[in-house]
Amino acid sequence: VLYFFRAVFRIESVSKAANIIILIGFASHTIHLISRWTASGRLPIISLYETIIFFVWAIALIYLVLQRIYKLKFLEIPVSALSALTLGYASILDKSIQPLMPALKSNWLLIHVTSYFIGYAALAISFIISAAYLLVSQKTSPPSSLPERLDNLSCRLITLAFPFLTLGLTTGAVWAKSAWGRYWSWDPKETWALITWIIYAAYLHLRLLRNWQGKRCAYISIIGFLCVLFTFFGVNYLLKGLHSYL
Numbered sequence: 001v002l003y004f005f006r007a008v009f010r011i012e013s014v015s016k017a018a019n020i021i022i023l024i025g026f027a028s029h030t031i032h033l034i035s036r037w038t039a040s041g042r043l044p045i046i047s048l049y050e051t052i053i054f055f056v057w058a059i060a061l062i063y064l065v066l067q068r069i070y071k072l073k074f075l076e077i078p079v080s081a082l083s084a085l086t087l088g089y090a091s092i093l094d095k096s097i098q099p100l101m102p103a104l105k106s107n108w109l110l111i112h113v114t115s116y117f118i119g120y121a122a123l124a125i126s127f128i129i130s131a132a133y134l135l136v137s138q139k140t141s142p143p144s145s146l147p148e149r150l151d152n153l154s155c156r157l158i159t160l161a162f163p164f165l166t167l168g169l170t171t172g173a174v175w176a177k178s179a180w181g182r183y184w185s186w187d188p189k190e191t192w193a194l195i196t197w198i199i200y201a202a203y204l205h206l207r208l209l210r211n212w213q214g215k216r217c218a219y220i221s222i223i224g225f226l227c228v229l230f231t232f233f234g235v236n237y238l239l240k241g242l243h244s245y246l
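Okay, so the sequence shown: first residue is 1 according to my numbering, each after it adds one.
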């Protein structure tokens with residue numbers, strides 16, 4: 001709300017107050033994760049509620065780093081709105097601390113889940129930047145360097161996220177082999193995670209072609225994040241599989 005107020009009335013002191021509130025919120029969120037970790041004896045990344053609050057924490061961390069480096073004020077409202085909506089959804093979920101299922105008692109758990117959600121957090125912000133690029137590239141007059149900066153920043157975030165997606169995918173396969181005796185079972189969440197990985201792999205390859213930079217890659221970035229959302233949320237409600245506990 002404060003960021004929106006600042007954008008409308010151009011009052012910088014409001015933006016400073018909002019930044020302080022964001023930092024306090026991030027610190028409180030971190031304390032909540034640590035307290036839940038202490039209470040459960042494990043990193044809180046098991047239930048849907050826990051993965052969502054970890055996801056939002058990672059988004060906030062990446063956002064704060066980007067703001068420190070690039071001072072991108074246009075990120076303030078969409079990132080805050082995305083975080084608030086996601087936490088609002090988490091607030092209606094079961095918050096009880098659940099014991100680890102036998103299949104989840106593995107050293108691969110920490111690497112597999114955290115890798116994915118750090119990657120997803122970077123892709124969430126890349127999605128916002130890609131959407132901003134499409135808006136700015138149509139309205140920038142006279143010509144500005146801003147669209148190119150946004151395009152490059154979106155690419156950097158996807159380049160950052162892709163190794164985490166790859167690590168999450170490969171550790172998941174190794175973990176599946178030790179738990180169920182096979183690397184791949186075409187579980188719905190596995191399949192959609194692979195589809196998402198392929199989309200972002202295609203993005204990075206197509207970036208090497210001059211004609212595919214800019215709007216075309218921005219659209220791929222947006223499509224890729226829609227696949228992330230379906231992998232994270234849609235599969236849980238529409239398709240059942242080995243990951244139904246999330």
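We put the CB at the ideal spot given by N, CA and C, even for glycine.
Output yes or no for whether 8 Å exceeds the beta carbon distance between residue i and residue j.
{"i": "SER106", "j": "ALA179", "result": "yes"}
{"i": "ALA176", "j": "TRP184", "result": "yes"}
{"i": "VAL136", "j": "LEU123", "result": "no"}
{"i": "LEU100", "j": "ARG42", "result": "yes"}
{"i": "ALA173", "j": "GLY119", "result": "no"}
{"i": "ILE128", "j": "VAL79", "result": "yes"}
{"i": "ILE53", "j": "ALA27", "result": "no"}
{"i": "THR51", "j": "PHE117", "result": "yes"}
{"i": "LEU48", "j": "ASN236", "result": "yes"}
{"i": "ALA121", "j": "ILE62", "result": "yes"}
What distance in whole Å lies between the Cβ atoms of residue j and residue i, which are believed to be in contact at a cut-off of 8 Å?
{"i": "ILE59", "j": "ILE158", "result": "15 Å between Cβ atoms; not a contact."}
{"i": "LEU229", "j": "TRP197", "result": "No, LEU229 and TRP197 are not in contact; Cβ-Cβ is about 15 Å, not under 8 Å."}
{"i": "ILE223", "j": "ILE195", "result": "Actually they do not touch by this definition, with Cβ atoms about 10 Å apart."}
Counting C-beta neighbours from all protein chains within 10 Å, is the total for residue i 16 or more, i.e. buried, or is it exposed?
{"i": "ILE92", "result": "exposed"}
{"i": "LYS189", "result": "buried"}
{"i": "HIS112", "result": "buried"}
{"i": "VAL1", "result": "With a pLDDT of only 48 at VAL1, under the threshold of 50, the placement of this residue in the model should not be trusted; the figure read from the coordinates follows. The residue in question, VAL1, is exposed, as its Cβ has fewer than 16 Cβ neighbours within 10 Å."}
{"i": "VAL8", "result": "Residue confidence is low: VAL8 scores 47 on pLDDT, short of 50, so the model does not pin down where it sits. Its coordinate-derived value is still stated next. When all chains shown are included, VAL8 counts as exposed."}
{"i": "TRP57", "result": "buried"}
{"i": "THR253", "result": "Nothing about residue 253 can be read from this structure; the chain reaches only from 1 to 246."}
{"i": "LEU153", "result": "buried"}
{"i": "ALA84", "result": "exposed"}
{"i": "THR38", "result": "exposed"}
Considering just the uninterrupted stretch of the alpha helix (DSSP H) at residue i, what are its terminal residues?
{"i": "ALA103", "result": "ALA103 -> no alpha helix (DSSP H), and no H or E assigned at all."}
{"i": "ASP187", "result": "Segment: none, ASP187 is in no alpha helix (DSSP H) and carries neither H nor E."}
{"i": "PHE54", "result": "48–70"}
{"i": "ILE223", "result": "215–229"}
{"i": "ILE45", "result": "Taken as a continuous stretch (DSSP letters only), ILE45 belongs to no alpha helix (DSSP H), as it is neither H nor E."}
{"i": "PRO99", "result": "PRO99 -> no alpha helix (DSSP H), and no H or E assigned at all."}
{"i": "ILE158", "result": "146–180"}
{"i": "LEU82", "result": "76–90"}
{"i": "ASN211", "result": "Counting along the chain, ASN211 falls outside any alpha helix (DSSP H), and DSSP gives it neither H nor E."}
{"i": "LEU238", "result": "235–238"}
Taking the alpha-carbon of residue i as reference, which of the options has the nearest alpha-carbon?
{"i": "ILE45", "options": "PHE74, ILE97, LEU87, ALA201", "result": "ILE97"}
{"i": "LEU206", "options": "GLY234, PRO163, CYS155, PHE225", "result": "CYS155"}
{"i": "LYS95", "options": "ILE223, LEU66, SER40, VAL65", "result": "SER40"}
{"i": "PHE74", "options": "LEU150, LEU33, TYR237", "result": "LEU150"}
{"i": "THR86", "options": "GLN138, PHE232, ILE220, LEU134", "result": "PHE232"}
{"i": "SER115", "options": "PRO163, ALA90, TRP186", "result": "PRO163"}
{"i": "THR191", "options": "ALA103, ILE52, CYS227, GLY88", "result": "CYS227"}
{"i": "LYS71", "options": "TRP37, ASN19, TYR89", "result": "ASN19"}
{"i": "ILE220", "options": "LEU134, TRP37, GLU76", "result": "LEU134"}
{"i": "CYS217", "options": "GLY234, LEU238, GLU148, ASP187", "result": "GLU148"}
{"i": "LEU23", "options": "GLN67, LEU208, ARG36, ARG182", "result": "GLN67"}
At the 8 Å Cβ level, is residue i part of the contact set with chain D, yes or no?
{"i": "ILE59", "result": "Going by chain labels, chain D is absent from the structure shown, which holds only one protein chain."}
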